[in-house]
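A.B. asks:
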Amino acid sequence: MKKVMVAVLLGVILVSTFFIGCLSAIEGSGNLETKQYDLSDFARVDVSHNFEVEIDQSGSYSVSITSDDNLFEYIQVTRNGETLKIGLKPSIVGPYLGSTTLKAKITMPELRGLDISGATRGTVTNFRSTEDLDIQVSGASSLDLVEMSASDIDFEISGASRVTGDIIANDAVFEVSGGSTVQLEGSVSDIVVDASGASRVELAAFPVNNADVTLSGGSSGIVSLEGRLDADLSGSSKLEYIGERVTLGTIKTSGGAIVSKK
34 MKKVMVAVLL GVILVSTFFI GCLSAIEGSG NLETKQYDLS DFARVDVSHN FEVEIDQSGS
94 YSVSITSDDN LFEYIQVTRN GETLKIGLKP SIVGPYLGST TLKAKITMPE LRGLDISGAT
154 RGTVTNFRST EDLDIQVSGA SSLDLVEMSA SDIDFEISGA SRVTGDIIAN DAVFEVSGGS
214 TVQLEGSVSD IVVDASGASR VELAAFPVNN ADVTLSGGSS GIVSLEGRLD ADLSGSSKLE
274 YIGERVTLGT IKTSGGAIVS KK
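With positions in the sequence shown counted from 1, the corresponding number in this note's numbering is that position plus 33.
1. Starting from the C-beta of GLY177, find all residues in its chain whose C-beta is less than 6 Å away, skip the five residues before and the five after it, and write them out in chain order.
2. In the DSSP output, what is ASP177 paired with across the bridge?
3. Flag this pair as yes or no: are the beta carbons of VAL256 and VAL234 separated by less than 9 Å?
4. Does DSSP put PRO142 in a helix, in a strand, or in coil?
5. Does the separation of the CB atoms of GLY254 and SER269 fall below 9 Å?
6. Buried or exposed for GLY54, please, with buried defined as at least 16 other CB atoms from any protein chain shown within 10 angstroms of its CB.
7. Which stretch, first to last residue, makes up the beta strand (DSSP E) that contains ASN113?
8. Is DSSP giving PHE105 helix, strand or coil here?
9. Can you list, in chain order, the residues of its chain whose CB lies under 6 Å from that of THR67, leaving out five sequence neighbours each side?
10. Name the two residues that bound the continuous beta strand (DSSP E) containing PRO240.
11. Assuming contact is defined by CB atoms lying nearer than 9 Å, are GLY172 and SER194 in contact in what I supplied?
12. In the DSSP assignment, what are the bridge partners of VAL221?
13. Check whether the segment 79 to 91 touches the segment 135 to 152, taking contact to mean three or more Cβ pairs, one atom from each stretch, closer than 8 Å.
14. Give me the residue from GLY92, LEU104 and ASP185 with the minimum Cα distance to GLY63.
15. How far does the beta strand (DSSP E) with ASP204 in it reach, from first residue to last?
16. Apart from the five residues just before and just after GLY260, which ones in its own chain have a Cβ nearer than 6 Å to its Cβ?
17. Taking the alpha-carbon positions, what's the ASP185 to PHE207 distance?
18. Starting from PHE75, trace the beta strand (DSSP E) both ways and give me its first and last residue.
Now the structure itself:
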């Protein structure tokens, strides 16, 4: 019986090795080319698959892609409703993509939603808006916000992703998970934070009025406020707060979690 099991296992390994060997990575040629795309009337952007994307506010729309000249047949740039989508065709995602250059530059009048995923690196610069903004960052992606303002902002950050920068807004909601990090400067009125899975929320230079913070799974956070702090911490999580006139509201801790003044 043991000999049969060993034979089956060896067969599986050999077949797997054969198929993996047949899947050669697509490599960039090294000859860079830039193409312009005639797309407009979008207010949301969705970028995936290891792109580097820059988004700037402008009175007009523009979309350009810089990449190795042999990769454009695999690149998808489309508009679906009010969403601009940039990524790669499903046939070459993951381990089949080798050394490449994938850069996108976008200008647009208004940004109401941004979704970056799949190890994408994004920068959003100089947006001044009175609209609400939804931001999703996932799959080991990163986003830097530079001199940005909006109405209410909703962040959803997951999968070891990172958000940094400076922003001014009314209220903000942060949902952070999977070892992700938020580190922001600027200010808002009130914040709601829910961080899990050893995530970090660093808002020492992001003063607010009131904060409602939930941390779990060994997550950590620091907030700066002058109003009411409500907190629910579990699983060895740690929250520090900065402020001389802080009112402690409902504070719950369990599993070795700590709330303390910095």
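Just so you know, even glycine gets a beta-carbon here, dropped at the ideal spot from N, CA and C.
C.D. replies: The structure says:
1. For clarity, residue 177 is Asp in the given sequence; the question names Gly instead. Hits under 6 Å: THR156, THR197 and GLY198.
2. Paired residues: THR156 and THR197.
3. Result yes, Cβ atoms of VAL256 and VAL234 sit closer than 9 Å.
4. In the displayed model, PRO142 falls within coil according to three-state DSSP, outside both helix and strand.
5. No, Cβ-Cβ distance for GLY254 and SER269 is not below 9 Å.
6. At GLY54, the pLDDT of 43 sits below 50, so the modelled position is not reliable; the number obtained from the coordinates is stated separately. Around the beta-carbon of GLY54, fewer than 16 other beta-carbon atoms lie within 10 Å, marking it exposed.
7. Judged by DSSP secondary structure, ASN113 falls within the beta strand (DSSP E) whose first and last residues are 108 to 113.
8. Here PHE105 carries a helix assignment [DSSP, helix/strand/coil].
9. Closer than 6 Å at the Cβ level, and outside the excluded window around THR67, lie SER97 and THR99.
10. Going by DSSP, PRO240 is part of the beta strand (DSSP E) stretching over 233 to 241.
11. Yes, the Cβ-Cβ distance between GLY172 and SER194 is below 9 Å.
12. DSSP, once it has assigned bridges, lists no residue as partnering VAL221.
13. Yes: the two stretches touch, three or more of their Cβ pairs being nearer than 8 Å.
14. Among GLY92, LEU104 and ASP185, the Cα nearest to that of GLY63 is on LEU104.
15. Here the beta strand (DSSP E) through ASP204 covers 204 to 209.
16. Annotation for GLY260: ASN242 and ASN243 place their beta carbon closer than 6 Å to its own, counting only its chain and skipping 5 residues before and after.
17. Using only the alpha carbons, I get a separation of about 11 Å.
18. In this chain, PHE75 is not harboured by any beta strand (DSSP E), its DSSP state being neither H nor E.
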